[in-house]
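To start, the structure under review is shown below, and the notes come after it.
Numbering (the numbering used here), first residue to last: 1087 to 1994.
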């Protein structure tokens, strides 16, 4: 933290700095679901030292002291929670029930033993809520304390709290943790008797119990029974069972349970990753690696990131390098991550683990992989901070042990800025003693001296030590030295050294003058430029015609006629027609990497590489992916043809992109061919569920209904379907395609895809079923299906559209409309249903009916529900509906028109 700034600008600024860190921590939790102890420690210490209240962040901070910190043991996390709690008390924060609830949750997530009675007594005058008792129940059940669990349940009964799924699930876990599995099993029967749903959470608790007592037969049998009942276990639940096996020492059984995971392609926020991280820090490296080994490698070439998070955690946990090397070898040998060693080394460097980094460099060398100079940059910085110059020279010596010589950038940017430069001659000789040549040392040292405005020292050094200069790397440093000193004489001397001792013949003087004119930090006035050009002439320096043209253009608008004519003679005398340079040598333009190029640049680059008969695989690959991303099927196929003609091998990622493009373009024949190519080139890889469902949608839309369903059935048979909200939209598009071709009943049958785990029943996915009936003008069927959705799934799909359609039909469908209203009221309540009906009447233009409806029984339209509906109308630009609502409600004080007017203004 910048406390100097806080001291200068006062306490208000210090508070701001701490609060910024708190906001960053909260944002980190939202984005990555992961925080580090060091960050939390810093915030606690900063707040304590500055006396800054943490009242507004208490819940978030306590939330951090649990599962969000998988690399720390539970005891450490609980101690952090206690530090935060004690600080709140010291600061006199008025503790409320949500603070105590957050503390109880912290205890539960860490399996911390708690006395329920003492916890409640410590709350003093703060009244516990139902949530308080639920978290406390979770605490005691987590450690198998059935006696206290019974006490908590008794208290909840006395207070009139109903038995919920959460209570039963925790009791199942509590009995299991206590080793009383017969009572855990009995809980499931009791749940069925009391109409409480037995879910994946319930079964997970039971399976944890079997895992902890080592009853593998019942573990697998119960899992099979749950699957047969269409219970779907997510990654987090399976990981809880894995942890139970590990904690009870039953490591051999882990691999069988891991098979319950689906073919997987997820980001670093997955519970699988967190479990692997936790296992690493608990010393179970082999199990963490086993966990990673069963995961599917993402079909992506953008970055070799597979397994990197585990390598980083191994380094962070100071796992023996031999184990890190073994895991990296596996990743490289089976092709999952060809850059595993480089990634591991980079992680060691970023964490300042010098010894680990050096051992990994040794492993790179033994495997014939290059160890590059920039790998040593962080080591140089660390050595400089800890040991000074000696440490830097030791790193230079270690570099040569790996057959690596410090390059120009290493010396210029990392070595010379960190060593004493008062005696440069001695420094050069010392580096020679460490095995570096004059050619390696001289140019970067001269560059540093020029940037420091020490032109005289640079020139003297060049006179003492003979050898070639890398003049192309000295032009800009000399520009910096000149504009800061305006030392014309030494500038001319340096340019002569650069011209006579360069390894490449070029217009170094011309490049220098052009860069002086282009230098943005300090503008060179015309008189300075004229003096410099005259010194060029006096010193016998020559420039190219290109540089002369730049000088002329620069001066002609800045000098009067007579001085300009004189300077033109000087410029003419400077020109040597035999010096020819390309403009790109003078201008420091950035040549983009193909990854940074747009389509037009990639197309031009392909033509250029082809004309030079150079390898263009990487550029063509990028071009094909860009065409696919833009949906340009014609050019994608053209580039694919060129790729094939050149004899290049397709990657799985390219073929998957082409397959997806054909699907999005509606090209069934092309999609089938791309799928065949993908299977042929990458038989071991699995398409993600998005593409499988989208392909099935394409088949259905083209009339191949049975083939589409067979595709989904085949995928679900061969793979464990992950499903979830990420593919809900894809499932919705499939159902829409079915609804356009098939009846409502057939569409409902397709929705039975839920049995495979692709999706679950929801308003969005039940909507196409209702639409299928509406498409065929089957109002009765639509209403019956709507009522069935409300009863079975507590859903009201396509509610607004169904109401509008029935209103449009008029009196003939009044009875059906009433049935829809009754079903909706049972789910959302009467008030919400009234608002929805009012919006439907307004949208259909039935102003008189709406006015009559609002005046009957003094119905009130106000509150959050009305506000949300009006916002949606504003988003959809339905101004007429809002106007109709205002007209119908005019003179009626039961309708709050404020949100209506606000939405109308937003549309305007």
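Just so it is clear, CB atoms sit at the ideal spot from N, CA and C, and this is done for glycine as well. Source: prediction; values computed, not measured.
**Item:** Beta bridge counterpart(s) of residue 1629 as assigned by DSSP
**Value:** For the purposes of this step, residue 1629 is taken as residue 543 along the chain shown, with counting starting at 1. Residue 1629 is bridged to 1661.
**Whether residue 1859 touches residue 1867 by CB criterion (8 angstroms)** = Here the question's residue 1859 lines up with position 773 in the chain shown. Here the question's residue 1867 lines up with position 781 in the chain shown. Taking 8 angstroms as the cut-off, the beta carbon of residue 1859 is found closer than this to the beta carbon of residue 1867.
**Prompt:** Ordered along the chain, which non-local residues of its own chain (more than five positions away) have a Cβ less than 6 angstroms from that of residue 1790?
**Reply:** As a first step, residue 1790 must be located in the chain shown, where it is residue number 704. There are no such residues.
**Asked** What do you reckon, is the C-beta of residue 1226 under 7 angstroms from a heavy atom of the ligand MG?
**Response** For the ligand MG, the structure offers nothing, since it holds no ligand at all.
**Item:** Cross-strand partners of residue 1947 (DSSP beta bridge)
**Value:** Working through the chain shown from its first residue, we reach residue 1947 at position 861. In the DSSP output, where bridge partners are listed per residue, residue 1947 has 1981.
**Item:** Identity of the residue in 1771, 1794, 1769, 1583 nearest residue 1780 by Cα
**Value:** As a working note, residue 1780 is residue 694 in the chain shown. Selected option, being the one with the closest Cα: 1794.
**Prompt:** Run through DSSP, which three-state label would residue 1588 get?
**Reply:** Locating residue 1588 in the chain shown gives position 502, where the first residue counts as 1. Looking at residue 1588 - three-state DSSP - the assignment turns out to be strand.
**Asked** Along the chain, where does the alpha helix (DSSP H) that runs through residue 1858 open and close?
**Response** Counting from 1 along the chain shown, the entry for residue 1858 is found at position 772. 1849-1861 is the span of the alpha helix (DSSP H), which, as asked, contains residue 1858.
**Asked** Since residue 1555 sits in a beta bridge, which residues does DSSP pair it with?
**Response** The residue you call residue 1555 lines up with position 469 of the chain shown. Beta-bridge pairing links residue 1555 to 1588.
**Request:** Inspect the beta-carbon positions of residue 1869 and residue 1902 and report whether they are closer than 8 angstroms.
**Result:** Taking the chain shown and counting its residues from 1, the one referred to as residue 1869 is at position 783. Taking the chain shown and counting its residues from 1, the one referred to as residue 1902 is at position 816. With contacts defined by Cβ atoms closer than 8 angstroms, residue 1869 and residue 1902 form a contacting pair.
**Prompt:** Since residue 1525 and residue 1541 are thought to touch, with beta carbons under 8 angstroms apart, how far apart are those beta carbons, to the nearest angstrom?
**Reply:** Within the chain shown, the letter at position 439 stands for residue 1525. Within the chain shown, the letter at position 455 stands for residue 1541. Actually they do not touch by this definition, with Cβ atoms about 21 angstroms apart.
**Item:** alpha helix (DSSP H) segments (min. 4 residues) lying fully within the stretch 1769-1797
**Value:** Fully contained in the stretch 1769-1797 are the following alpha helix (DSSP H) runs of length 4 or more, in chain order: 1775-1787.
**Request:** Assuming residue 1653 contacts residue 1714 (C-beta within less than 8 angstroms), just tell me the rounded distance between them.
**Result:** Position 567 of the chain shown, counted from the first residue, corresponds to residue 1653. Position 628 of the chain shown, counted from the first residue, corresponds to residue 1714. Cβ-Cβ separation between residue 1653 and residue 1714: approximately 56 angstroms, too far for a contact (criterion under 8 angstroms).
**Request:** Please classify residue 1488: does DSSP put it in a helix, a strand, or coil?
**Result:** For this step, residue 1488 is matched to residue 402 along the chain shown. DSSP places residue 1488 in coil when its eight states are reduced to three.
**Request:** Have a look at 1921, 1934, 1931 and flag the residue whose alpha-carbon is nearest the alpha-carbon of residue 1985.
**Result:** Sequence index remark: in the chain shown, residue 1985 carries index 899 (1-based). It is 1921 whose Cα lies nearest to the Cα of residue 1985.
**Request:** Inspect the CB distances between the stretch 1212-1227 and the stretch 1171-1178 and report whether three or more fall short of 8 angstroms.
**Result:** Short answer: they don't touch.
**Three CB pairs or more closer than 8 angstroms across the stretch 1241-1248 and the stretch 1276-1295** = The stretch 1241-1248 is not in contact with the stretch 1276-1295.
**Message:** Measuring CB atoms only, is the stretch 1818-1826 touching the stretch 1743-1754, in the sense that at least three cross pairs come out at less than 8 angstroms?
**Reply:** No, the stretch 1818-1826 is not in contact with the stretch 1743-1754.
**Request:** Give me the Cα-Cα distance between residue 1792 and residue 1873, rounded to the nearest whole angstrom.
**Result:** Residue 1792 sits at position 706 when you count from the first residue of the chain shown. Residue 1873 sits at position 787 when you count from the first residue of the chain shown. In a straight line, the C-alpha of residue 1792 is about 29 angstroms away from that of residue 1873.
**Reference residue 1599, options 1587, 1479, 1562, closest by Cα** = In the chain shown, the residue the question calls residue 1599 occupies position 513. Selected option, being the one with the closest Cα: 1562.
**Message:** Taking the straight line between their C-alpha atoms, what separation do you get for residue 1553 and residue 1705?
**Reply:** Numbered from its first residue, the chain shown carries residue 1553 at position 467. Numbered from its first residue, the chain shown carries residue 1705 at position 619. If I take the Cα positions, the gap works out to 40 angstroms.
**Prompt:** Along the chain, where does the alpha helix (DSSP H) that runs through residue 1756 open and close?
**Reply:** Within the chain shown, the letter at position 670 stands for residue 1756. For residue 1756, the uninterrupted alpha helix (DSSP H) run begins and ends at 1754-1767, by DSSP.
**Request:** Rounded to whole angstroms, what's the CA-CA distance from residue 1993 to residue 1967? Just pull it up for me.
**Result:** In the chain shown, residue 1993 corresponds to position 907, counting from 1. In the chain shown, residue 1967 corresponds to position 881, counting from 1. Between the C-alpha atoms of residue 1993 and residue 1967 there is a straight-line separation of about 12 angstroms.
**DSSP three-state assignment for residue 1119, whether helix, strand or coil** = Start at 1 with the first residue of the chain shown, and residue 1119 comes out as number 33. Of the three classes helix, strand and coil, the one that applies to residue 1119 here is coil, per DSSP.
**Item:** When 1256, 1457, 1248 are compared against residue 1224, the one with the closest alpha-carbon
**Value:** For the purposes of this step, residue 1224 is taken as the residue at position 138 of the chain shown. Answer by Cα proximity: 1256.
**Prompt:** What is the DSSP secondary structure of residue 1201, reduced to helix, strand or coil?
**Reply:** Mapped onto the chain shown, residue 1201 falls at position 115. DSSP places residue 1201 in the coil class of the three-state scheme, outside both helix and strand.
**Asked** Quick one: Cα of residue 1453 to Cα of residue 1429, how far?
**Response** Position 367 of the chain shown, counting from 1, holds the residue named residue 1453. Position 343 of the chain shown, counting from 1, holds the residue named residue 1429. So the alpha carbons of these two residues sit roughly 15 angstroms apart.
**Prompt:** Which residue spans inside the stretch 1266-1302 form an unbroken alpha helix (DSSP H) run of at least 4?
**Reply:** Correct list: 1267-1279, 1286-1299.
**Prompt:** Are residue 1570 and residue 1523 closer than 8 angstroms when you measure CB to CB?
**Reply:** Within the chain shown, the letter at position 484 stands for residue 1570. Within the chain shown, the letter at position 437 stands for residue 1523. Taking 8 angstroms as the Cβ cut-off, residue 1570 and residue 1523 do not qualify as a contacting pair.
**Prompt:** What span of residues does the alpha helix (DSSP H) with residue 1415 cover, start to end?
**Reply:** Walking along the chain shown from the start, residue 1415 turns up at place 329. Residue 1415 -> alpha helix (DSSP H) spans 1407-1419.
**Item:** Supposed contact pair residue 1708 and residue 1742 - C-beta distance, whole angstroms, cut 8 angstroms
**Value:** Residue 1742 sits at position 656 when you count from the first residue of the chain shown. Residue 1708 sits at position 622 when you count from the first residue of the chain shown. Contact doesn't hold; Cβ gap of about 15 angstroms is too wide.
**Message:** Since residue 1847 and residue 1825 should fall inside the 8 angstroms C-beta cutoff, what is the C-beta to C-beta distance between them, to a whole number of angstroms?
**Reply:** The residue you call residue 1847 lines up with position 761 of the chain shown. The residue you call residue 1825 lines up with position 739 of the chain shown. So it is not a contact: roughly 16 angstroms between Cβ atoms.
**Prompt:** Can we say the stretch 1189-1200 touches the stretch 1429-1449, given the rule of at least three CB pairs closer than 8 angstroms?
**Reply:** Verdict: no, contact absent.
**Request:** Take every Cβ of the stretch 1892-1902, pair it with every Cβ of the stretch 1911-1920, and state whether three or more of those distances are shorter than 8 angstroms.
**Result:** No, the stretch 1892-1902 is not in contact with the stretch 1911-1920.
**Asked** Is residue 2012 helix, strand or coil by DSSP?
**Response** Examination of residue 2012 is not possible in this model, given that the chain is present from 1087 through 1994 alone.
**Request:** Look at the alpha carbon of residue 1080 and the alpha carbon of residue 1923, and state the distance between them as a whole number of angstroms.
**Result:** Because the chain is modelled from 1087 through 1994, residue 1080 falls outside the range shown and cannot be assessed.
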